[in-house]
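So the sequences go chain by chain: A and B.
Sequential numbering from 1000 applies to the first sequence in this note's numbering.
Sequential numbering from 1000 applies to the second sequence in this note's numbering.
There are 2 protein chains.
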Amino acid sequence: MNNFTFYTPTKYLFGRGVETKAGELARQFLGQKIMIVYGHGSVVRSGLLSRVTASLAEAGVSWTELGGVDPNPTDTLVYKGIEEGRKENIDGVLAVGGGSAIDTAKAIALGIPYNGDFWDFYAGRLVPEKALPVGTVLTIPAAGSEGSGNSVITRLDGLHKISLRTESVLRPKFSLLNPELTFTLPPYQTASGIADMMAHIFERYFTMTPGVEITDRVSEGILRAIIEEAPKVMKDPEDYDARANIMWSGTLAHNGVCGTGRREDWVSHFMEHEISAVYGVTHGAGLAVIIPAWMTFMADHNPGKVAQMARRVFDVNSHDDRTAAVEGISCLKAFFGSLGLPVTFAGLGIESPDIPLLVKKLHENKGDIIGGYYPLTATETEQIYRLAL
Amino acid sequence: MNNFTFYTPTKYLFGRGVETKAGELARQFLGQKIMIVYGHGSVVRSGLLSRVTASLAEAGVSWTELGGVDPNPTDTLVYKGIEEGRKENIDGVLAVGGGSAIDTAKAIALGIPYNGDFWDFYAGRLVPEKALPVGTVLTIPAAGSEGSGNSVITRLDGLHKISLRTESVLRPKFSLLNPELTFTLPPYQTASGIADMMAHIFERYFTMTPGVEITDRVSEGILRAIIEEAPKVMKDPEDYDARANIMWSGTLAHNGVCGTGRREDWVSHFMEHEISAVYGVTHGAGLAVIIPAWMTFMADHNPGKVAQMARRVFDVNSHDDRTAAVEGISCLKAFFGSLGLPVTFAGLGIESPDIPLLVKKLHENKGDIIGGYYPLTATETEQIYRLAL
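Here you go:
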C-alpha cells in the first residue's frame, strides 16, 4: 500500500427535502452573496430552483443566477461566470444540477480570486491553492463532482477536455443530495450516470500497487450495490430506495475512498474525453463503450485484476485469469446493454470514428505513454479504440 | 433508506513516517500551545513521542504532556487534564496512542471550554456544541476514534462506562496513521482491535431499515478485508501491507460510512461496556464474547441480516435463514478463536460473572428496552449474557 492523504471535508445532507437546507448551509459555508449555476432550465421547470432560492432568501443570502451550462461544459460560460461573479462581488458559488453545473461552478470559484486565465490551472501551468467556497444541490448521480476535488472543462478552442484534480481546494463545502430529484431523469441519462460512477471505481481499482485489499473490497462492494440497484431504477424510476442507493454510490465512487493507497489508472476516462470532446456524446455512454474495450485489451496483456473483478463482482468461477477476465467483460457488456447503453462506437451513433485523430489528441493532451495499470503507447491506445468498433 | 448527514472533515495522513508531520498539522489545526495525551510510556520507550515532539518543536508549537491514560480510560485523568490544560492555556489536544488516549483527549478538549462538569455531556444532560481541536497519532487500530466523533469514558464512581456520540464536534481535525507503529503490538491486543473494528461494522450492519444495499455492501467489503488480512498480521506482525489494511479498515469501520442511511444497533457495545467497566477486560476481547452470543439469540428471533452476513462475508450457502445464520456464527467464532480471542466469559477469565448486576447496570445506563435491530428487554439481555457462558 502506498502512503496517502485522505481529506473529504464535504458536509453531505442526504434524503428527502434536503434542498430546503440550502440557505442555512450557504450562509454558513459560502457567504452573504452567492452565484447559482445551473443548466438549461429543467431545475427551473421542476420548481427546484424556486425551493432553493426561497431557502436562500429565508436565510438572508442574496444571489445572482448563471444558467446555460451545457453537458461537457466549456470554458466560454466559465469566463462569463468569472466576469459576472467579480462584478457582483460574490462570496461563493452554488451549483444546482449535475456534474456539468458543479464543474462549471468549481472553475468559476477558482477563477475569480486568480489574476489571470483560469485555464492556467487546467493546462497544468499552475497548482490551485485557493478558490471561493462551492456548494451543490445534486440532480444527476454520475460525475461524483459533489464529493470530489475535481473539475472537467472543455476548451472550445481545439476541443481539449481536461480534468483538473485537487486534493481539497475544489471539494464542495456541502452537498445536498435528495434522491427524489432524480426521479425524472430520462432512462438514458440514468444509465449513463451509472456507467460513469462504475468507471470512477474501475479507474481506481485497476492498479499494480500490491497490498490494497481494503480498497479493493470497498470498491467491489460499491460495484455490486450499483449492479443490484440499477435494474430497479430502470424499471421503476420512482423507486426511492433504489435511487438513493445509486445516488450515494455515485458519491462514494468518486470521493477518493476507492483510491486510497494506490496508483490509479484513468486511461478509459482520458480516451472517452477525446470522444465526447470531438463527437459531443454523453460521457457515461462513451465510457460504456471504452471500458469493455480497455478491459478486452487487458485480458490479453495484464488480466489479473480484470479476473479478480470478474470473480468478486460478477461471481465468475474460472480459475484461468484470461478466461475469467473475458467472462467478466461479457457480464459487464450484458449489464450495460440491459440498461440500454451502447458498447460500441456504432451504438454511440458514430459509424466511422476518426480514430487517428482521437489517438493524436489523446497523446497530445496526456503524453506519449499513459496509464497506471498497464502503460499504453499510441499504437496500443489505437488498438483499444479499434476494439470499440 | 433514512435521511442522513455525513460529515467527516478529518484530514488523514496515512503511511510510513507520517508522524513527522505532527508539527505542521498541529500548527495548522490545533494552535500554538497544545497538550499531548498518552498512556503508560510505550510511546516514550519506542521513541515515537520524541519524534512527535521534535516535529512540534520544528514547527514552533509548544506543548505540555499528560501521560498515564489507562485502558478503559476514566474520568479521573480527564479532570486532571482539564485542570492542567486550563492552567497552561492550551489551544488544542494531541493524542498519541490508541482509543483510550484519543477518547481522553476528546473529553479534555470538550471540558476545557465548558464552565461545568464535563460529565454533563456523557450523562446526556447537555449536547456538545464546542470543543478545543483534537489531533491524533494512532498506535492501535481498534477503537476507530481517530476518525469518529465519539468518546467513551468510564466514571469511576459507579463504574459507568458511557459512549458520547457527536456528529462532528469531537471529530479529530487530523489523524496520522503509520502502520509501522503497530508492528510491536502484542498479539492479543492486535486481535482485540480486530474484534473491535468488526464490531463497529456489525453494530451498524444489523438494522431493520430497508433499502440500504450500498451501506451493506461497503460494510461487507470491509469485513471481508479484515478477515483476509487478520491472519497475516497474526502470523507476521511486521507485514506492512497487512498492518496497513487492518489500520485503514479500523478507521473506515467507525467513521460513519457503514452507518449511512439507517438506524444502528449498538447493543453488543452496551453489553460489553458493562463487562469491561466491572471486570476491566479488554474491550475488543469482551466484544468477541458478546457478539456471537447476541447473534445466536438473533438466529432464533430475527435471523435475516445474520444470514445475509453469513452468506456474503463467510460464503455460507444454506437457503434457510436460521441455518445460514448459525453457520455464519460458527465461522465467526472460529475466526475469533484463530486469532486467540475468547468467545465465552470463561475465556475472558471470568468464571462466574454476576449477570444480574450486568443486566441491572446495562438497563440503568441505557433504558428498559435497547437495540435497533431487535428491541431487547432485561429478560432478553440476560439470555444473551447467559449464551456467552
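C-beta atoms are modelled at their ideal positions from N, C-alpha and C, and glycine is treated no differently.
On a predicted model such as this, the values are computed, not experimentally measured, just so you know.
Query - Where B:Ser1248 meets chain A, residues with beta-carbon distance less than 8 Å - result: Ile1213
Query raised in the report: Any idea if B:Asp1195 is buried or exposed, counting beta-carbon neighbours within 10 angstroms, 16 or more meaning buried?
Result: buried
Report task. Under 7 Å Cβ to Cβ from B:Leu1055, same chain only, skipping five residues before and after it: list those, please. Result -> Ala1021, Gly1022, Ala1025 and Trp1062
Query - Residues near B:Met1270 in its chain [Cβ-Cβ closer than 8 Å; skip 5 each side] - result: Ile1289, Trp1293, Leu1357, Leu1361, Thr1380, Ile1383 and Tyr1384
Report task. Spell out whether any CB of chain C is found under 8 Å from the CB atom of B:Asn1316. Result -> Considering every chain present, this structure includes no chain C. Its protein chains are A and B.
Requested in this report: Spell out a yes or no on whether the region 1296 to 1315 of chain B and the region 1239 to 1250 of chain B are touching, meaning 3 or more CB-CB pairs, one atom from each, closer than 8 Å.
Outcome: no
Query raised in the report: Counting contacts by CB-CB distance shorter than 8 Å, is A:Thr1004 in contact with chain B?
Result: yes
Query - Partners in chain B for A:Pro1008, counting only beta-carbon separations shorter than 9 Å - result: Tyr1006, Thr1007, Pro1008, Thr1009 and Lys1010
Report task. Taking only beta-carbon positions, decide if B:Val1217 is within less than 8 Å of chain A. Result -> yes
Query raised in the report: Would you say B:Pro1209 reaches chain A, if we count a Cβ-Cβ gap shorter than 8 Å as a contact?
Result: yes
Query raised in the report: Taking DSSP as the reference, what is the three-state secondary structure of B:Leu1155?
Result: coil
Query - CA nearest to the CA of B:Leu1176, picked from B:Glu1087, B:Gly1346, B:His1268 and B:Ser1248 - result: B:Ser1248
Report task. Give the DSSP bridge partners of A:Trp1062, in chain order. Result -> A:Ile1033
Query raised in the report: Mind pulling the alpha helix (DSSP H) runs of 4 or more residues that sit fully within the region 1200 to 1235 of chain B?
Result: 1212 to 1234
Query raised in the report: To which residues of the same chain is B:Ala1106 closer than 7 Å at the C-beta, ignoring the five residues directly before and after it?
Result: Val1077, Phe1117, Ser1150 and Ile1152
Query raised in the report: Three or more C-beta pairs closer than 8 Å, one from the region 1136 to 1145 of chain A and one from the region 1187 to 1203 of chain A: is that the case here?
Result: yes
Query raised in the report: What span of residues does the beta strand (DSSP E) with B:Ile1077 cover, start to end?
Result: It is worth fixing the name first, because residue 1077 of chain B is Val in this sequence and not Ile. No beta strand (DSSP E) holds B:Val1077; the alpha helix (DSSP H) holding it covers Asp1074 to Glu1087.
Query raised in the report: How about A:Trp1265 and A:Glu1363: are their beta carbons less than 8 Å apart?
Result: no
Report task. Give the DSSP bridge partners of B:Phe947, in chain order. Result -> Past the boundaries of the shown model lies residue 947 of chain B; chain B is included only from 1000 to 1388, so the question cannot be answered.
Requested in this report: Starting from A:Ala1094, trace the beta strand (DSSP E) both ways and give me its first and last residue.
Outcome: Gly1091 to Gly1096
Report task. Specify, as a first and last residue, the run of the alpha helix (DSSP H) that A:Thr1138 falls within. Result -> Neither: A:Thr1138 is in no alpha helix (DSSP H) and is coded neither H nor E.
**Report entry** Contact under 8 Å by Cβ, A:Leu1048 with A:Gly1134
**Finding:** no
Report task. For A:Phe1013, decide whether its Cβ has a neighbour in chain B, counting only Cβ atoms nearer than 8 Å. Result -> yes
Report task. Consider the Cβ of B:Arg1223: report whether some Cβ of chain A lies at a distance smaller than 8 Å. Result -> yes
Query raised in the report: Of all the options B:Glu1237, B:Val1256 and B:Lys1172, which has the alpha carbon lying nearest to the alpha carbon of B:Arg1211?
Result: Sequence inspection shows Val at residue 1211 of chain B; the Arg mentioned does not correspond to that position. Checking every option, the nearest Cα to that of B:Val1211 belongs to B:Val1256.
Report task. For chain B, find out if any of its Cβ atoms is closer than 8 Å to the Cβ of A:Glu1381; answer yes or no. Result -> no
Query raised in the report: The alpha helix (DSSP H) spanning A:Ser1045 covers which residue range?
Result: Looking at the DSSP string, A:Ser1045 is not in any alpha helix (DSSP H), and its letter there is neither H nor E.
Query - Three-way DSSP call (helix, strand, coil) for A:Arg1311 in this model - result: helix
Query raised in the report: Hey, would you say A:Gly1080 sits closer than 8 Å to A:Val1036, going by beta carbons?
Result: yes
Requested in this report: Can you give me the start and stop residues for the alpha helix (DSSP H) that A:Val1277 sits inside?
Outcome: Val1266 to Tyr1278
Query raised in the report: When the Cα of A:Met1197 is compared with those of A:Gly1285, A:Phe1003, A:His1318 and A:Gly1066, which residue comes out closest?
Result: A:Gly1285
Query - CA nearest to the CA of B:Gly1327, picked from B:Ile1349, B:Thr1281, B:Ala1298 and B:Ala1345 - result: B:Ala1298
Report task. Assign B:Asn1149 to one of three DSSP states: helix, strand, or coil. Result -> strand
**Report entry** Where A:Ile1402 sits in the DSSP three-state scheme
**Finding:** Residue 1402 of chain A cannot be examined here, being either before or after the span of chain A that is shown, 1000 to 1388.
Query - Neighbour flag for A:Asp1240 against chain B, beta carbons, 8 Å - result: yes
Query raised in the report: In chain A, which residues lie with their C-beta within 9 Å of the C-beta of B:Ala1243?
Result: Met1000, Gly1210, Val1211, Ile1213 and Gly1260
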